[in-house]
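J.:
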Amino acid sequence: MRKPYQICLPILLVCLIPAVASAQAPGSQGGGSFRVQCPTATLLHPGGTGTGNSTPASAEAAYSGPITRTAATDPSGRYTYNPPLTFTDNGGAIKCQQVSGGDGMMTEADGNQTYMFSFGPLSGLQAIQNGQAGTQLPAVFNKSYCDPANANYLSGQPNPYSPCDPSTTDPNGAVGYVTPTATNPSPGADAAAIMNTGVLNGNIPAPLMAFDEDDEFFLTLTNVGMIMRPDLFEQHTVHFHGYPNASSFYDGVPDASLAINIGGSFTYYYLAPDAGTYFWHCHITPPEHLQMGMVGQLYVRPRQNRTPAGTDVYQTSLLQQNDLRTACHPGLPAAGQPGPDILCSAPLPAVHPGFLNATGYKYVYNDGDGSTRYDVDVPIQIHGFDPNFHFVGMTFNPEGFADMKDKYFLLNGRSYPDTVGVAGGPADVLGQLATATNPDPATHAISTADTDTLSRPSQPLPTLITLSASGGPAGTCGTATTCGQRAALRIADLDVQEYQTLSSVGIPMLLVGFNAKILRDEAGNNLYIKTNSITLGGGESLDVILDSTGVAPGTYFLYTPQLDHLSNDAENFGGLMTEVVVTP
Amino acid sequence: MSHMNTKTWCAVSRFFSVVAVALLLVASAHAAAPGITGTSFSLNAGTGYSSQPDGMLIYSWGYGCATGFTPTYAPAQFASLGFCPTMQLPGPTLIVTEGIPFTVTLTNSLPAPAGNTSILFPGATVTFSGGVQGLLTQEAMQTTPVTYTVTYAAPGTHEYYSGTQPDLQIEMGLFGAVVVRPAHPVGTSASAPNCTTTEPGREDFRLASSAYDHPLTCYDREYLFQWSEIDPKIHKQAEDQIKLIQSCPANTALQFSCPTTLNVVTEPYHPNYFLINGRSMPDNMDADYAPNYPNQPYNANPHMHPGELVLVRYMGQGHWQHPFHEHGNHVRILGRDGNLLLSQTGTDPRLLAGRMEFNTDVTPGQADEGIFYWSGKGLGWDIFGHTSTNVGNLPCNPDVNGFYTQTSGATIPTYSGGLFVSGSQNYYEWCADHNHSLEGNPVGQVGGGGPMTLPDPLIMTNGLWYNGTPYLGPDAVLRSRGPSPLPPGSPSQNPTPESGIAFMWHSHNEREITTNDVFPGGMLMMMLVDPYVWNIDETL
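Going line by line, the protein sequences match chains A and B. Note that our numbering has the first sequence beginning at 372, numbered continuously upward. Note that our numbering has the second sequence beginning at -6, numbered continuously upward.
This is the structure:
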């Protein structure tokens, strides 16, 4: 007979594992299996003097190059390190976001309402409805969601925080966050708030994410289930597509990692990598979940944006050579030394004209020469919906992959004319929307009625691009006397079937980046391409700059020359098209 | 996967049974870029069947070795494993050398209604003897072989394929690859240290030490991926018509004349099978020359150690372009159709000018190479799960690039008999994150104070390749979660002695990772980054 401890010990160990695993770090709030995580200080971003950013929970700081720092304890003081840990500190901040994984409905340009598997916002709700990224600093994220303009959750249930106290609530705060009090320091997450908001709140594209190089990004995926498909026990994941040197744990491939079940939350952790245009999507059964709509935009802003005003941006590029993560060590391999980084992301420019940064300047990459400076961010996601697949997906039947055929071609989840979707807006050349209230006149978000009869914002992002031909900063356009605004088109293709081409009629495109890397060779030559069309396969991204300098005021078009993609199912004029309005 | 019909269940259960069998034999299969080498090849164009994971056997044509021809297999480790049937999909990979002419004698064993066949060698200088003149090149009749004398002036990766009725014959499977080794590969000289990183005792499966005659093209490991599709309707038509024609004389009593040639409709093109190296997932992750694929000898199953420079040779052999998404990191494109892409001006025109891409377009008729590596650089946490306080904690001293390598005091791993003997287990660790905890609270022998509270494992679903922890290597896995298996079983494709981290490499036109309505399938493979304590034997 076996001794009792031989039997009991494994049982005891099994019992201990969840207890150990669910012990929480500071900044983590659990509520049942729902949990949001957004620490205000971390080992990398402890804050205070002597660090790269003294206030990482509330602001970014200027980039001054890497500093080497040591820590003998973690920020909470609970753990000590002997010898102390060493950090290469490049500044950056802490950023947080929460999304739901579930389902929802969207509206096609021909009026057809389409069922989706989808992600929806569970933080930054107001920002996302306004077409902005939902990524927040802890100072905003760590407040309970409450919108003064809306006393109810999306389900119609009253929000108990209403009217909203700005000291503890925020319309961009995390849904489910409960402010700790002296008597209840660990209140847990509010599961009711999450379900009342997250069910059926799917967006296409999925919530926009944007943060800065060197940020720590805490992304919580909360699986609220797909209420329209109670037969499914579907997990969801987040794949940060293109993350360099990824871990498989946070890569979102369910076969190689783990995936969150319905009723739980999983927080992904990323140290924001090289600047560039990435995107994100669910990686469960990709041909199904991507087709059904679980695809979102994501971009990382470069360190160069944090260059102090009046400083040559080349200095930022030089400083990056002091950080081993971004140093290139260009040249042929030297005797006795490891070779150059063949995948170095921040090569120095061969020519640097002395481009001085100014407050508010934005760049697509750490270019060192100012060549990717722009004024207007335009995230554009190309996608396609097969209405048959979506219909079958709503009706408890297995969808067929072999005969999948997209009939709707979408820019940010909309086909033309909804792509310009500004109710009554001046660019509404067809006049169809002159008196419309959907899209919302203020936020421009298209809302769709769900099966519970309530209408939720489903497609927040128009792709109407408005540029002022005289609104660019002086001295940034070569020999021209009047500089126009420049738009950075951050284009990603998440279509699951076909390659897609987008052409620009009238305004040349300058292709400056591809797959989240600046187009530059190892010797520092810019390999930008001046073109009028770009082509992407599924899973590809690129960066195009549209420069309105010298462009006559008027309405121009971005459209696909793949003519069968200029349709909205049976409507034969629509699809992949949008407008660029150049004002004087 | 979400909801399954009967077909899906069959495929999935078949997938798991394949997995189980694979597990019984070896922990996991690996790949390399195997082929046949020499200066004289006798190839045959013949008929056969390809095996697909949904149970279908699809009638195909392919190049193989002519009867009586005894090829030399490369890399040398495949000498006793390799086989070369008279028809295979894709055709034998020809491994040759820059500037050295080689001959390919092609025998046409296709059924007579298929007509002539031939081989085009784009990018090479070709002369021929024998055969008959065709539109694009000299062709082999069923009775008359043709001999091509082929010279590639530069190293690189190329395709070969039929130049006769290409829309039918290439679809049927008449294609293959040529690897042209540099005549002057960058060797082990001190000027090119990347070429010397092969660990002592580790088996070297490379076809050369560098892809081109250039020190920035050195590599440690290589894989070749040929992408193609199958529209089964075309194959069925060809098979049916050939049977009809061949049986036609028996029907002479009927009042019609027998057809003698094929009339296969190849459009509209609607492929349902999506192949890498002639196999669909999961078959492509079985071993090279696995006996259960008598006509599909090549697999697609990349493995690598951290920091190893991995040469990826890829080409489109079908009708469609495919966006090949490499999870884990970017790929630096080296060259296209045997042309190394170098800077034209700037600080040093000898430097690389190919793009860095996380999606590499695989284009029909085009062959490219890129170099990939995975290092964990910039994660912000120690993927080996080290703590600063553990007794016996491994050191990590950064070299000029920030990694723990021989130049900064690490001991190069050594192997014997396929087993790790000695050396730094954390060779090529990214030292800036050394000892930095991921987890907020200590778990086992993994330290706390990090940014994350990991979820309760009971509310998560685990994958077949998930080692049960965020960490790399059996040491870290054991320290983190102990020896108990993961519910409901174990990471069967990535068992404890391996404990790698897995990434999916696949077509991102996601419909193509299905096999005729079934997910998973098609153009999908799992890439594993293995710890240095795991010897990567590409023949298994």
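For each residue, glycine too, the CB sits at the ideal point set by N, CA and C. Because the structure is a prediction, the values reported are computed rather than measured.
Scan the stretch 859 to 888 of chain A for residues whose Cβ lies nearer than 9 Å to a Cβ of chain B and list them as they occur along the chain.
T.: Going along the stretch 859 to 888 of chain A in chain order, one finds Asp864, Leu865, Asp866, Val867, Gln868, Glu869, Tyr870, Phe885, Asn886, Ala887, Lys888 with a Cβ nearer than 9 Å to chain B.
J.: Using a 10 Å radius around the Cβ and a threshold of 16 neighbouring Cβ atoms, would you call Asn943/A buried or exposed?
T.: It is exposed - the Cβ of Asn943/A has fewer than 16 other Cβ atoms within 10 Å.
J.: Going by alpha carbons, who is nearest to Arg535/B out of Phe267/B, Pro27/B, Phe317/B, Asn101/B?
T.: Coverage of chain B is limited to positions -6 through 533, which leaves residue 535/B absent and any answer about it impossible.
J.: Is it buried or exposed, Lys466/A, if we count other Cβ atoms within 10 angstroms and call 16 or more buried?
T.: Its Cβ being crowded by 16 or more others within 10 Å, Lys466/A is buried.
J.: Does chain B have any CB closer than 9 Å to the CB of Thr550/A?
T.: Thr550/A does not count as touching chain B.
J.: Since Gln314/B meets chain A, which of its residues come closer than 9 Å, beta carbon to beta carbon?
T.: Within chain A, the residues near Gln314/B are Tyr870, Gly908.
J.: Using C-beta distances below 6 Å, list every residue in its chain close to Asn564/A, excluding the 5 sequence neighbours before and after it, in chain order.
T.: It should be pointed out that residue 564/A corresponds to Ala in this sequence rather than to Asn. The answer, listed in chain order, is Val546, Gly547.
J.: Using the beta-carbon count (16 or more within 10 Å), is Thr834/A buried or exposed?
T.: It is buried - the Cβ of Thr834/A has at least 16 other Cβ atoms within 10 Å.
J.: For the stretch 142 to 160 of chain B and the stretch 107 to 116 of chain B, state whether three or more C-beta atom pairs, one from each stretch, are separated by less than 8 Å.
T.: Touching, per the Cβ criterion.
J.: Between Arg827/A and Val470/A, what straight-line distance do the alpha-carbon atoms span, to the nearest angstrom?
T.: In a straight line, the C-alpha of Arg827/A is about 15 Å away from that of Val470/A.
J.: Along chain E, in chain order, which residues have C-beta atoms closer than 7 Å to that of Gln606/A?
T.: Here chain E cannot be found, since the structure's protein chains are A and B.
J.: By the criterion of Cβ-Cβ separation under 7 Å, what are the contact partners of Ala773/A in chain B?
T.: Those are Asn265, Asn509, Asp510, listed as they occur along chain B.
J.: Start and end of the beta strand (DSSP E) containing Glu362/B?
T.: Looking at the DSSP string, the run of the beta strand (DSSP E) that includes Glu362/B is 360 to 365.
J.: Would you please verify whether the beta carbon of Pro657/A is less than 9 Å from any beta carbon of chain B?
T.: Cβ-Cβ to chain B under 9 Å: yes for Pro657/A.
J.: Return helix, strand or coil for Met134/B, following the three-state DSSP convention.
T.: Note: Met134/B maps to coil in three-state DSSP.
J.: For the putative contact between Arg195/B and Asn528/B, defined by C-beta atoms under 8 Å, what is the C-beta separation to the nearest angstrom?
T.: 7 Å between Cβ atoms; contact.
J.: In chain order, what residues of the same chain lie with their CB nearer than 7 Å to the CB of Thr485/A, ignoring the 5 residues before and after it?
T.: So the list reads Met476, Met477, Glu479, Phe756, Pro758, His761, once near-sequence residues are dropped.
J.: Check whether the stretch 299 to 312 of chain B and the stretch 355 to 366 of chain B touch, using three or more Cβ-Cβ pairs below 8 Å as the test.
T.: With the cut-off at 8 Å, the stretch 299 to 312 of chain B and the stretch 355 to 366 of chain B touch.
J.: Measure the C-alpha to C-alpha separation of Ser537/B and Gly328/B and round it to an integer number of angstroms.
T.: Since the displayed chain B opens at -6 and closes at 533, residue 537/B lies outside it and no answer follows.
J.: If you draw a straight line from the alpha carbon of Thr532/B to that of Tyr408/B, how long is it in whole angstroms?
T.: So the two alpha carbons sit approximately 16 Å from each other.
J.: Between the alpha carbons of Gln468/A and Gly505/A, how many angstroms are there, rounded?
T.: Straight-line Cα distance between these residues: approximately 7 Å.
J.: Can you say whether Asp460/A is buried or exposed, counting buried as having 16 or more other CB atoms within 10 angstroms of its CB?
T.: Buried, since its Cβ has 16 or more Cβ neighbours within 10 Å.
J.: From the beta carbon of Met519/B, is the nearest beta carbon of chain A less than 9 Å away?
T.: Chain A contact via Cβ: present.
J.: What residues from chain B crowd round Arg449/A, counting only those whose CB sits closer than 8 Å?
T.: Simply Gly441, Gly442.
J.: Take the Cβ of Pro463/B as the centre, count every other Cβ of all protein chains shown within 10 Å, and call the residue buried at 16 or more, exposed below.
T.: Result: buried.
J.: Beta-carbon separation of Leu345/B and Asp892/A under 9 Å?
T.: Contact flag set, yes.
J.: So who's on the other strand from Asn897/A, going by DSSP bridges?
T.: Paired residue(s): Arg891/A.
J.: How long is the line joining the alpha carbons of Gln507/A and Thr931/A, rounded to whole angstroms?
T.: C-alpha separation (whole angstroms): 34 Å.
J.: Go to Leu161/B, then tell me how far its alpha helix (DSSP H) extends in each direction, as first and last residue.
T.: Note, Leu161/B: alpha helix (DSSP H), 159 to 165.
J.: Quick check on Ile878/A: does DSSP put it in helix, strand or coil?
T.: Of the three classes helix, strand and coil, the one that applies to Ile878/A here is coil, per DSSP.
J.: Tell me which same chain residues have a C-beta within less than 6 Å of the C-beta of Cys58/B, skipping the five on either side of it?
T.: Taken in chain order, the residues that qualify are Pro64, Cys77.
J.: Can you list, in chain order, the residues of its chain whose CB lies under 7 Å from that of Tyr532/A, leaving out five sequence neighbours each side?
T.: These residues qualify, in order along the chain: Ser515, Cys517, Thr540.
J.: Which residue comes first and which comes last in the alpha helix (DSSP H) that contains Asp233/B?
T.: That run of the alpha helix (DSSP H) goes 225 to 240.
J.: Classify Ser399/A as buried or exposed, calling it buried when 16 or more other Cβ atoms lie within 10 Å of its own Cβ.
T.: That one is buried.
J.: How about Gln969/A and Thr550/A: are their beta carbons less than 9 Å apart?
T.: Absent from the model: residue 969/A. The displayed extent of chain A is 372 to 955, so no value can be given.
J.: Since Gln219/B and Ala170/B are thought to touch, with beta carbons under 8 Å apart, how far apart are those beta carbons, to the nearest angstrom?
T.: Sure, about 6 Å apart at Cβ, within 8 Å.
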